[in-house]
Ligand code: GLN
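Numbering (this note's numbering), first residue to last: 3 to 543.
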């Protein structure tokens with residue numbers, strides 16, 4: 003295919019209908035036919051990126067290889083398509099305005115009045131075309147965050163309208179994701195909210211080509227007809243999207259509804275091949291037919307909002323499928339754990355994961371959970387702050403450095419076993435200034451983590467400010483907590499693991515960000531395996 007085709011996904015009626023999953027599923031169906039696809043998300047908020055947002059506001063902040071802090075939908079894109087995304091795949095209103103204002107200050111608008119149309123819309127389109135014109139993709143799918151009709155998303159919708167004229171109708175398509183509510187009192191599915199949201203799109207000059215209709219009930223033919231009639235689309239372009247048992251069912255549900263066929267037909271692309279979804283189906287087969295189950299505790303402070311740990315939860319789904327085992331994740335608030343109740347809260351678990359996080363709240367509970375895992379030989383996995391807690395716990399309870407902590411928790415501690423690097427000390431701005439993105443790491447040959455990866459050099463993604471303090475390295479290693487993954491350039495400790503323990507690994511990086519359906523992350527796969535083994539040996543005893 004020569005030029006890229008542009009597909010826009012808008013949302014109507016309510017948010018949270020799953021535009022990200024629909025976009026990723028369509029991407030998968032096109033990719034499974036041999037096309038090269040990328041998915042981009044526009045977020046209409048003013049923050050430059052979600053990096054400074056509290057996880058309660060916006061869920062997990064997903065980090066790409068190039069160090070962009072992005073929306074969690076990019077995680078779905080990567081998990082479904084198994085291809086990396088980058089900063090170009092997530093653009094906010096804040097970034098658009100920032101770029102335009104920076105240009106204006108440089109005098110690049112040559113004395114013109116800078117306006118929403120055309121300057122902001124041009125900048126939005128530049129971000130779309132930058133992907134399409136790279137030559138790397140047959141399809142650019144752009145998801146517009148929020149709902150049509152929101153004040154904030156107006157410039158994006160206007161830019162979408164203009165793209166049609168820039169690239170021509172045969173290279174352009176709009177999918178509108180909407181909700182068909184069921185009124186149980188009337189025993190009826192209602193189309194009116196969809197009619198209104200399509201009307202809003204029409205007012206903005208956009209006729210959707212395909213309607214994807216979220217619904218709890220099957221859409222009967224007469225409802226499809228009504229939607230087609232009132233929303234001005236072909237009846238075959240009314241696609242039903244039922245609530246699914248797992249998000250990983252959605253590509254197959256969309257295949258049944260012929261979403262990709264409709265897209266190809268509308269874009270006048272011959273549909274030559276059947277999609278190859280064999281591996282996907284194998285994954286789903288294992289996922290849905292587990293032969294065993296493990297209970298893994300996720301010890302974190304944002305557990306009321308599971309989206310805050312989205313990639314970790316998904317990585318466990320991938321790892322469970324590989325092990326043909328259901329991973330029963332127990333979300334445990336680290337604030338609820340203390341020395342007295344630790345045993346009773348944690349004893350039923352086959353594995354303990356101490357989650358990433360920021361700030362002091364809940365840290366002592368995390369440290370207690372590490373201690374319990376270490377002393378009771380429970381498989382343990384610490385990620386980022388979770389790894390830092392493992393170092394603190396070891397320093398306090400094995401090296402007997404009672405005041406050991408991270409300078410994030412106490413800047414004046416006598417034993418800063420986790421500390422800021424010199425270059426971090428000078429930083430005042432919070433946005434985009436952590437150690438972010440992919441860094442190489444060398445694994446020690448005889449270590450457990452080496453056997454997990456099966457190779458010496460790995461690359462994993464980071465998002466943190468504080469680091470293992472190498473001043474304590476010798477003492478900590480001597481006592482049995484080994485630094486088995488080291489950054490070759492900076493000598494920073496990226497992995498620690500305990501000798502004389504069935505499975506105790508902490509990683510400064512976030513392996514969950516690279517786990518996909520086709521490439522489940524080995525650390526999660528082996529951790530689940532270790533939890534299974536621990537369960538089996540406990541039942542024997
Ligand atoms: N708060 C810690 C740091 O900044 C850990 C960050 C994390 O867990 N992502 O170093």
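Each residue gets a CB set at the ideal place from its N, CA and C atoms; glycine is no exception.
If the five residues before and after residue 55 are omitted, its C-beta is found closer than 8 Å to the C-beta atoms of 49, 63, all from its own chain and listed in chain order. Residue 369 places its beta carbon 9 Å or farther from that of residue 334. Residue pairing for residue 408: DSSP places it in a beta bridge opposite 420.
For residue 522, the CB stays at least 8 Å from every heavy atom of the ligand GLN. Looking at the backbone, the Cα of residue 73 and that of residue 433 are separated by about 15 Å. Listed as beta-bridge partners of residue 333 by DSSP are 300. Remark: C-beta atoms of residue 31 and residue 262 approach each other more closely than 9 Å.
When DSSP states are grouped into helix, strand and coil, residue 327 belongs to the strand group. Rounded to the nearest angstrom, the Cβ distance from residue 226 to residue 19 is 18 Å, too far for a contact under 8 Å. Using a cutoff of 8 Å, the CB of residue 468 counts as near the ligand GLN, since one of the ligand's heavy atoms is closer than that. In the DSSP annotation of this structure, the continuous segment of the alpha helix (DSSP H) that includes residue 525 starts and ends at 524–542. Apart from sequence neighbours up to five positions away, the residues of its chain that approach residue 29 with a beta-carbon distance below 6 Å are 39, 41, 83, 143, ordered along the chain. Selection 431, 404, 539, 429 evaluated against residue 419 yields 404 as nearest (Cα-Cα).
Annotation for residue 197: no beta strand (DSSP E) segment contains it, though the alpha helix (DSSP H) segment containing it runs 194–205. By the neighbour-count definition (other C-beta atoms within 10 Å, threshold 16), residue 291 is an exposed residue. The stretch 343–360 and the stretch 95–111 do not touch, with fewer than three beta-carbon pairs separated by less than 8 Å.
Per DSSP, the beta bridge partners of residue 382 are 354, 506. When DSSP reads this structure, residue 42 sits in a beta bridge with 144. Annotation: the continuous beta strand (DSSP E) that includes residue 466 extends over 459–466. Residues 499 of the same chain have their beta carbon placed closer than 6 Å to that of residue 450, with the five preceding and five following residues left out of the count.
Assigned with DSSP and collapsed to three states, residue 217 falls in strand. For residue 437, DSSP records a beta bridge to 466. With respect to residue 274, residue 107 sits apart: the two C-beta atoms are not nearer than 9 Å. Beta-bridge pairing by DSSP links residue 65 to 71.
Residue burial is scored here from C-beta neighbours: residue 21 has at least 16 other C-beta atoms within 10 angstroms and is therefore classed as buried.
When secondary structure is reduced to three states using DSSP, residue 47 falls in the coil class, being assigned neither helix nor strand. Beta-bridge pairing by DSSP links residue 243 to 216. In the structure shown, residue 30 adopts helical secondary structure according to DSSP, grouped into three states.
Taking 9 Å as the cut-off, the Cβ atoms of residue 517 and residue 526 count as close.
Shortest gap from the CB of residue 387 to any heavy atom of the ligand GLN: under 8 Å. A distance below 7 Å between beta-carbons, with the five flanking residues on each side excluded, links residue 239 to the following residues of its chain, in chain order: 211, 212, 213, 264. Pairing residue 315 with residue 89, the inter-Cα distance amounts to about 23 Å.
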